[in-house]
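Please read the structure below before turning to the comments.
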Amino acid sequence: MTTFADVRSRLARPQQRRYLPLYATLALLALMYGSGVVQYEAFSDPQVVLNVFIDNGFLLVVAVGMTFVILTGGIDLSVGAVVALTTMVSATLLQEQGWPAFAVLPLVLLMGSTLGFGMGCIIHYFEIQPFIVTLAGMFLARACATRSAPRRSPSTTRSGPRWPSRRCASATTSSPPAWSSRSSWCSSPRTCWRSPGSAATRTRSAATPAPRT
Numbered sequence: 001m002t003t004f005a006d007v008r009s010r011l012a013r014p015q016q017r018r019y020l021p022l023y024a025t026l027a028l029l030a031l032m033y034g035s036g037v038v039q040y041e042a043f044s045d046p047q048v049v050l051n052v053f054i055d056n057g058f059l060l061v062v063a064v065g066m067t068f069v070i071l072t073g074g075i076d077l078s079v080g081a082v083v084a085l086t087t088m089v090s091a092t093l094l095q096e097q098g099w100p101a102f103a104v105l106p107l108v109l110l111m112g113s114t115l116g117f118g119m120g121c122i123i124h125y126f127e128i129q130p131f132i133v134t135l136a137g138m139f140l141a142r143a144c145a146t147r148s149a150p151r152r153s154p155s156t157t158r159s160g161p162r163w164p165s166r167r168c169a170s171a172t173t174s175s176p177p178a179w180s181s182r183s184s185w186c187s188s189p190r191t192c193w194r195s196p197g198s199a200a201t202r203t204r205s206a207a208t209p210a211p212r213t
């Protein structure tokens, strides 16, 4: 009787060790969530948990796909680049080209599936290592994402960051007549916009008397 119990306990030990990483992950998740609840009052709101799934829903889809790849003993380095490519193409078609969403979504899904299917065929038929094929696919997807980016940047800065001077800021916060009278003065980039240290330069130049002729 004792021998049977010993054998049963020995067989149960590997099963317990098998789920040890899962238990450790759950314990760390509970610890992090508990520390967040203690530090932040609104962290215990269920909407916070829902926002994780709402804002990062695409990561869940990618994680499920990567799980199947890892379970089969493979590797895929092109996942992030393909996500960037499909995102850039969908944004360009929706915003700039004016395509309807029901046409863009199947197109980008087909694009990502075609890239994955092509890399899988190269790995299977040409017997090339998945690391090499997916690395090449990553660079290809990144290049295509760069090419499909909008031609013009939405940024309004020209050569670098510029900071408004105090005089220009006071002009914008004044009444409309005063602001309109100062608009011609603020239109000059030398007076309205300045870099750090230019105020001291202007002060020294103003204090220096002009040479007499």
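If you use the UniProt record's numbering, the sequence shown closes out at 213, no skipped numbers anywhere. Cβ coordinates follow ideal geometry from the N, Cα and C atoms, glycine included.
What's the call for residue i, buried or exposed, on a 16-neighbour Cβ count within 10 Å?
| i | result |
| --- | --- |
| M1 | The pLDDT assigned to M1 is 48, lower than 50, so where the model puts this residue is not dependable; a value taken from the coordinates is nonetheless given after this. With fewer than 16 other Cβ atoms within 10 Å, it is exposed. |
| G137 | buried |
| A141 | buried |
| C144 | buried |
| V133 | buried |
| M32 | exposed |
Using 8 Å as the threshold, is the C-beta distance between residue i and residue j below it?
| i | j | result |
| --- | --- | --- |
| D76 | P130 | yes |
| L110 | V82 | no |
| S90 | V104 | yes |
| V69 | T86 | no |
| V62 | V79 | yes |
| V37 | S44 | yes |
| S148 | M66 | no |
| S94 | A84 | Position check: residue 94 holds Leu in this sequence, whereas Ser was assumed. Taking 8 Å as the Cβ cut-off, L94 and A84 do not qualify as a contacting pair. |
Helix, strand or coil for residue i? Go by DSSP, reduced to three states.
| i | result |
| --- | --- |
| E96 | coil |
| S113 | helix |
| S35 | helix |
| F43 | helix |
| S170 | For S170, the predicted structure reports a pLDDT of 42, less than 50, and the residue's modelled location is therefore unreliable. The matter cannot be settled from this model. |
| P189 | Any reading at P189 needs caution, since the residue's pLDDT is 43, under 50, leaving its predicted position unreliable; the model's value is listed next. Looking at P189 - three-state DSSP - the assignment turns out to be helix. |
| I122 | helix |
| Y23 | helix |
| L30 | Reading the sequence as shown, one finds Ala at residue 30 and not Leu. Three-state DSSP puts A30 in a helix. |
| N51 | helix |
| I132 | helix |
| A149 | coil |
Should residue i be counted as a contact of the ligand GTP given a C-beta to heavy atom distance under 7 Å?
| i | result |
| --- | --- |
| V61 | Ligands in the displayed structure: none, and consequently the ligand GTP is not present. |
4-residue-minimum alpha helix (DSSP H) runs that sit fully inside the stretch 61-110, ordered along the chain: 79-95
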